Amino acid sequence: MASSLTISVILGYCGLPSSFLATTVTAAYPSPLESEAIALLESRWWSNHSSNTSQRCQWPGITCNTAESITKINLSDAPNIEVGDRFGKLNFSSFPNLVLLDLSDHQIRGKIPHQIGDLSALKYLDLSSCGLSGELPPSLGKLTQLEFLDISYNDNINGSIPPQLGNLENLVTLNLSQCGIVGPIPSALGQLTSLQSLILSWNRINGSIPLEIGYFRNLTDLSLSSNGIVGPIPSALGQLTSLQSLSLSGNQINGSIPLEIGYLRNLTFWVSTTIDLSIQYPLLCTN
């Protein structure tokens with residue numbers, strides 16, 4: 001009671017009207033739209049274009065909804081916008097409605113910032129051919145609404161595939177080809193049961209093909225070519241009954257083709273130059 005009385009006396013003594021206090025509190029916390037505008041300015045991605053944030057929905061590469069909140073940042077069609085080493089300058093947490101981020105074919109120096117995991121509504125992320133380096137941040141696993149992820153053709157990325165990517169249960173396309181990725185394919189990827197396209201070619205992936213690959217019942221395209229994968233083809237591949245394209249060439253795979261591959265009735269394209277194909281030919285050609 002004493003502390004409450006003290007606060008009342010202090011406020012009364014200061015003579016501050018309640019309207020002033022409300023205005024002060026409001027000014028200290030900008031609205032969501034104001035936060036987006038501030039984040040755009042501080043990123044300096046558009047510094048050579050405009051600083052008039054009231055017109056930000058007309059800026060190159062930006063799409064807004066009817067409430068003028070930013071829903072898409074697509075710089076693939078905005079070559080004059082330079083991100084450079086300022087990728088991490090964008091306050092990702094200021095964009096709660098962003099569903100698409102496409103920076104493909106832009107020279108972005110440095111690592112993928114771990115704050116990218118703050119884009120809670122993101123469904124489409126394309127960072128292909130950006131000159132990125134460093135490891136893939138585990139925070140990518142926080143993008144649980146993501147349906148499309150392409151980080152291909154970034155030769156200077158290193159490290160392994162974060163097992164946290166297994167949290168992306170809505171993911172339909174995952175393309176990590178030619179990224180310099182090392183290590184085995186994490187078994188956690190088996191949780192991506194919505195996946196239709198998995199492209200991991202031209203890396204330094206080693207180890208065997210995990211048995212969990214059989215969980216990809218919706219997969220139509222699988223490319224693991226040009227890696228250091230060893231061991232036999234798992235019979236679990238025969239569970240991928242939607243598979244249309246399979247590439248395993250350029251690995252150290254050995255053994256014969258498992259009988260279960262004959263269940264892949266939709267398979268129309270298969271590249272594998274290092275496996276004895278003679279044993280199962282009759283099965284593969286049946287209708």
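1 is the number of the first residue of the sequence shown in the UniProt record's numbering; add one for each residue after it. Heads up, the beta-carbon is just placed ideally off N, CA and C, and yes, glycines get one too. Model, not experiment: these values are computed from the prediction.
Please name the residue in the options whose C-alpha comes closest to that of residue i.
i	options	result
Phe148	Leu192, Leu90 and Pro79	Leu192
Asn175	Ile157, Ser152, Pro163 and Gln196	Ser152
Asn167	Ser160, Ala188, Asp150 and Gly159	Ala188
Gln196	Val182, Glu169, Cys179 and Ile185	Glu169
Pro232	Ser35, Ile209, Phe95 and Asn74	Ile209
Leu222	Lys111, Gly207 and Thr268	Thr268
Glu82	Ser50, Asp118 and Lys123	Ser50
Gly131	Ser245, Gly180, Cys64 and Gln244	Gly180
residue 288	Ile73, Cys57, Gly190 and Thr220	For the chain, the structure presents residues 1 to 287; residue 288 sits outside this window and is missing.
With a threshold of 16 other CB atoms inside 10 Å of the CB of residue i, please say whether the residue is buried or exposed.
i	result
Asp102	buried
Ala39	buried
Pro200	Rather than Pro, the amino acid found at residue 200 in this sequence is Leu. It is buried - the Cβ of Leu200 has at least 16 other Cβ atoms within 10 Å.
residue 289	Outside the displayed span of the chain (1 to 287) sits residue 289, for which this structure offers no information.
Asp77	exposed
Gln55	exposed
Gln178	buried
What is the rounded straight-line gap between the Cα of residue i and the Cα of residue j?
i	j	result
Trp45	Ala121	21 Å
Ser129	Ile157	11 Å
Pro32	Ala236	48 Å
Pro234	Pro258	7 Å
Phe95	Leu119	7 Å
Asn203	Leu240	23 Å
Ser104	Lys89	18 Å
Leu248	Gly262	16 Å
Under three-state DSSP, which class holds residue i?
i	result
Asp118	helix
Leu243	coil
Arg265	coil
Asp221	strand
Ser256	strand
Thr53	helix
Asp155	coil
Tyr124	strand
Ser197	strand
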